[in-house]
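In what follows, a structure is listed as structure tokens, so that the remarks can point back to it.
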Amino acid sequence: MESDCDAEQVDTRLQKRLESFGVKSEVYSECRLESIDGVVLCYCSRKKIEWYVSRDLADIVDTHPVCARLKFQPDGIPLSCPVERVNLCVSCGSTRALSRHRIIPKEFTKLMDVALRSHNTHD
């Protein structure tokens with residue numbers, strides 16, 4: 018009987034921790050940004066797609082998943098193929114109760130050069 022109570026307490030603590038530290042919305046969107054030729058340049062957030070569209074720099078090509086095509090030729094095409102990011106835990110493969118972790122602690126990134134830390138989606 019004692020083990021059942023302990024398990025319930027652990028579940029309650031885990032639930033509270035997930036509510037506090039778990040992500041509230043999707044970590045990664047499935048939005049694609051394409052060049053004029055239709056080459057996928059990157060996978061990005063819906064917010065970035067809306068930024069390009071609001072400034073009349075891109076047109077929405079598809080709505081599910083959201084895809085925007087640039088109206089101009091970018092300076093460079095990525096040398097590597099962009100990889101679609103998936104909302105799942107890298108250790109267990111779960112899609113529920115995700116939390117975000119940093120590879121480089123925030124305290125260190127504050128001390129880095131601005132060029133190294135600005136507009137970077139990954140640590």
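Using this note's numbering, read the sequence shown as starting at 18 and increasing by one per residue. A virtual CB, placed ideally from N, CA and C, is assigned to each residue, including glycine.
Helix, strand or coil: how does DSSP classify residue i here?
i    : result
T112 : coil
R119 : coil
D79  : strand
L128 : coil
L74  : coil
Y7   : No answer is possible for residue 7: it lies beyond the span of the chain, which begins at 18 and ends at 140.
I8   : Beyond the ends of the chain as shown, which are 18 and 140, falls residue 8; an answer cannot be given.
D92  : coil
Quick one: what's residue i bridged to in DSSP?
i    : result
L105 : Partner(s): none; L105 has no beta bridge.
V57  : E51
R86  : E51 and D76
Going by other Cβ atoms of all chains shown within 10 Å of its Cβ, with 16 needed for buried, is residue i buried or exposed?
i   : result
L50 : buried
V83 : buried
R34 : exposed
I66 : buried
E19 : For E19, the pLDDT reaches just 48, beneath the cut-off of 50, and the residue's location in the model is therefore unreliable, although a value from the coordinates is still provided. Its Cβ having fewer than 16 others within 10 Å, E19 is exposed.
Excluding sequence positions up to five away, which residues of its chain have a Cβ less than 7 Å from the Cβ of residue i?
i    : result
R102 : Y45 and Y60
C106 : L115
Measure how close the beta-carbons of residue i and residue j come, nearest whole angstrom, since I'm counting them as under 8 Å.
i    : j    : result
C48  : S62  : 6 Å
P99  : V131 : Rounded, the Cβ-Cβ distance is 25 Å, inconsistent with contact.
R203 : T126 : Outside the shown range of the chain, which is 18 to 140, sits residue 203, and nothing can be said about it.
By Cβ distance, which residues of its chain are closer than 8 Å to residue i, with the 5 residues on each side in sequence left out?
i   : result
I53 : R86, L87, K88, F89 and Q90
I3  : This structure gives no information on residue 3, because the portion of the chain shown stretches from 18 to 140.
Can you list, in chain order, the residues of its chain with a C-beta nearer than 6 Å to that of residue i? Leave out the 5 residues immediately preceding and following it.
i   : result
D76 : R86
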